[in-house]
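Chains as they are written, first to last, in the working numbering: chain V, 33 to 333; chain L, 1215 to 1495.
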């Protein structure tokens, strides 16, 4: 079997039971892959273990069963090749924005001179549009600016994989939209492999190539893999005009509201953990639209 | 608290001081003892006040001010082992405090770092720390004198033992409570243990460590006076006790004031250092 670039192979996470109770399985037998250069989103409700999955991919946490294989090697800890953008931005508050980025640059290039580090920092600061605030401490920055520093810090180590744990959930809608587009642009330009956890349906549709839908915990499972067939480049301004957008969105929302709970106890008999069914709601709808308009050349008024 | 004008606070402080000094002056000028007749030879031997059975009157503010002025204008005289300037005595005390405090910091901060990083070590050492910490540092004095056999070094040891605990506990606490996400940042950046310790844990715990150092220096300055009263010889504590034996209350008041001023200066220096490493989250 051909392995994808990142291959998650049957990982499980259990917490010991409190006072004699049987151990709680957050998730078990989880299989999925991320192709090189792909943007994968994971959607699910709270406490289905989303953050734990990301931490296992980052190497910050360990799986009780199974393994994660990246580029043919099983991971056994954190790596500069897998950068993390934290939900809480996790900037070091005693360093300036530039200092935080320089800390990352020096981690990747310990042999660089002061001037080389400063030059690299300036490049990343410019990329995320923070030139005016480079000398400021995190406490003096707004939430959106802090997360820009977080993004720049993650990119500054030139990772192969970008892991994002609900990076924009603490931001207001306007800032979130801007940052989503910037991440979209940067990931496309750098051809990074990206994995993002989110509970924002529009964010997933805008950014992802594929979307994993997760049932509620405990014993959360990946119920479906949605292939996002909406053409790129996508922008917030016109994505909702693309044919099939609403079918895709409705499919995910339906899942989150109803099926995530219903499926939690009983998966359909044809479902298997190692070959989760793929669906293409947008493509199906787009073909149907095309067929309908071909059948009736005169559009109904 | 509402912001007040600093000028108003200063004016009120001056008024309170004037009231206090005025009341002191009034009470010391009225309380004159009866001048009973005493045997002049006995009076020459034990002093006029003792011979009449009266008390040495408490010095008036003007007498104390005159004595303070004498001390401040000539702080470093040496007229024999028992009569040295107050500046010299303070310098002895300060040197002992700084020596004991520095030794304590050199031990407490690295050890606190280890205890904070390792729950195993914390669990193993915590019972000892909890038992040793509440012991009055002066209780160590006999043991110190017996083993060290040098009174000056013994008082440095007493300073060491009293200033080690706040620094040790604060360092351990500061290191143990470094936010997990900052450590995770260091881990994802593949920082070495040493780099994580110096570039992440130390700056994160620095304000807590500095607070421990500030508490320690305060305690050390409190304890040195008592320790020097016990061991004698030199130092501001010995000076106070010597002047009590001389019944020179004006000298004692002078010393008390200077002890307060120097304690405040020490505290402010550490407060400044604390502000320098503070960060806002």
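Positions of the beta carbon are idealized from the N, C-alpha and C atoms, including for glycine.
Small disclaimer: the values here were computed from a predicted structure and weren't measured.
{"Query": "Nearest-angstrom Cβ-Cβ length linking residue 96(V) and residue 87(V), presumed shorter than 8 Å", "Result": "With a Cβ gap of about 13 Å, residue 96(V) and residue 87(V) do not count as contacting."}
{"Query": "7 Å Cβ shell around residue 169(V) - same chain, five flanking residues per side excluded", "Result": "125 and 128"}
{"Query": "Straight-line gap, residue 251(V) to residue 137(V) (C-alpha atoms, nearest Å)", "Result": "39 Å"}
{"Query": "Interface residues of chain V facing residue 1277(L) [CB-CB closer than 7 Å]", "Result": "In chain order: nothing, as chain V lies at least about 52 Å away."}
{"Query": "Beta-carbon neighbours of residue 169(V), restricted to chain L and to distances below 9 Å", "Result": "1493 and 1494"}
{"Query": "Alpha carbon of residue 247(V) to alpha carbon of residue 60(V), nearest angstrom", "Result": "12 Å"}
{"Query": "Straight-line Cα distance separating residue 1237(L) from residue 1227(L)", "Result": "15 Å"}
{"Query": "C-alpha gap between residue 273(V) and residue 71(V), whole angstroms", "Result": "22 Å"}
{"Query": "Chain L contact residues for residue 189(V), given Cβ-Cβ distances below 7 Å", "Result": "1403"}
{"Query": "Cβ of residue 92(V) within 7 Å of any chain L Cβ", "Result": "yes"}
{"Query": "Beta-carbon gap between residue 1326(L) and residue 1279(L) smaller than 7 Å", "Result": "no"}
{"Query": "Exposure label - residue 1384(L); buried when at least 16 CB within 10 Å", "Result": "buried"}
{"Query": "Residue of 149(V), 45(V), 220(V) and 304(V) minimising C-alpha distance to residue 193(V)", "Result": "220(V)"}
{"Query": "Rounded separation between residue 1358(L) and residue 1348(L) - CA only", "Result": "18 Å"}
{"Query": "Contact between the region 38 to 49 of chain V and the region 96 to 107 of chain V (3+ Cβ pairs under 8 Å)", "Result": "yes"}
{"Query": "Where the beta strand (DSSP E) containing residue 1346(L) begins and where it ends", "Result": "Residue 1346(L) -> not in any beta strand (DSSP E); alpha helix (DSSP H) instead, spanning 1333 to 1346."}
{"Query": "N- and C-terminal bounds of the alpha helix (DSSP H) containing residue 80(V)", "Result": "No alpha helix (DSSP H) contains residue 80(V), which DSSP labels as neither H nor E."}
{"Query": "Close beta carbons around residue 1390(L), own chain, < 6 Å, minus the five adjacent residues each side", "Result": "1330"}
{"Query": "Closer than 7 Å at the beta carbon, the chain L residues around residue 115(V)", "Result": "1402"}
{"Query": "Assigned secondary structure, residue 1405(L) (DSSP; H/G/I helix, E/B strand, else coil)", "Result": "coil"}
{"Query": "DSSP three-state assignment for residue 61(V), whether helix, strand or coil", "Result": "strand"}
{"Query": "Residue 1417(L): contacting residues in chain V (beta-carbon distance under 7 Å)", "Result": "126"}
{"Query": "Span of the alpha helix (DSSP H), counted from its first residue to its last, around residue 1363(L)", "Result": "Per DSSP, residue 1363(L) belongs to no alpha helix (DSSP H) and is neither H nor E."}
{"Query": "Beta-carbon neighbours of residue 1398(L), restricted to chain V and to distances below 9 Å", "Result": "87, 90, 92, 110, 116, 118 and 122"}
{"Query": "Under the three-state DSSP convention, the category residue 244(V) falls into", "Result": "strand"}
{"Query": "CB contact check: residue 136(V) to chain L, cutoff 7 Å", "Result": "yes"}
{"Query": "Counted within 10 angstroms of its Cβ, other Cβ atoms place residue 156(V) as buried (16 or more) or exposed", "Result": "buried"}
{"Query": "Nearest-angstrom Cα separation, counted from residue 1434(L) out to residue 123(V)", "Result": "37 Å"}
{"Query": "Chain-ordered neighbours of residue 1310(L) on chain V, where CB pairs are closer than 8 Å", "Result": "Result: empty, since nearest Cβ-Cβ is about 34 Å, beyond 8 Å."}
{"Query": "Contact belief for residue 1314(L) with residue 1377(L) at Cβ below 8 Å, rounded distance in angstroms", "Result": "6 Å"}
{"Query": "Start and end residues, beta strand (DSSP E) containing residue 258(V)", "Result": "254 to 259"}
{"Query": "Buried versus exposed call for residue 1413(L) [16 or more other C-beta atoms within 10 Å across all chains shown]", "Result": "buried"}
{"Query": "Pairwise C-alpha distance: residue 1467(L) and residue 1500(L)", "Result": "Examination of residue 1500(L) is not possible in this model, given that chain L is present from 1215 through 1495 alone."}
{"Query": "Outcome for residue 121(V) when other beta-carbon atoms lying within 10 angstroms are tallied against a minimum of 16", "Result": "buried"}
{"Query": "Spatial neighbours of residue 1485(L) in its chain, beta-carbon cut-off 8 Å, leaving aside the 5 residues before and after", "Result": "1428"}
{"Query": "Contacts of residue 139(V) in chain L (Cβ-Cβ under 7 Å)", "Result": "1403, 1404 and 1405"}
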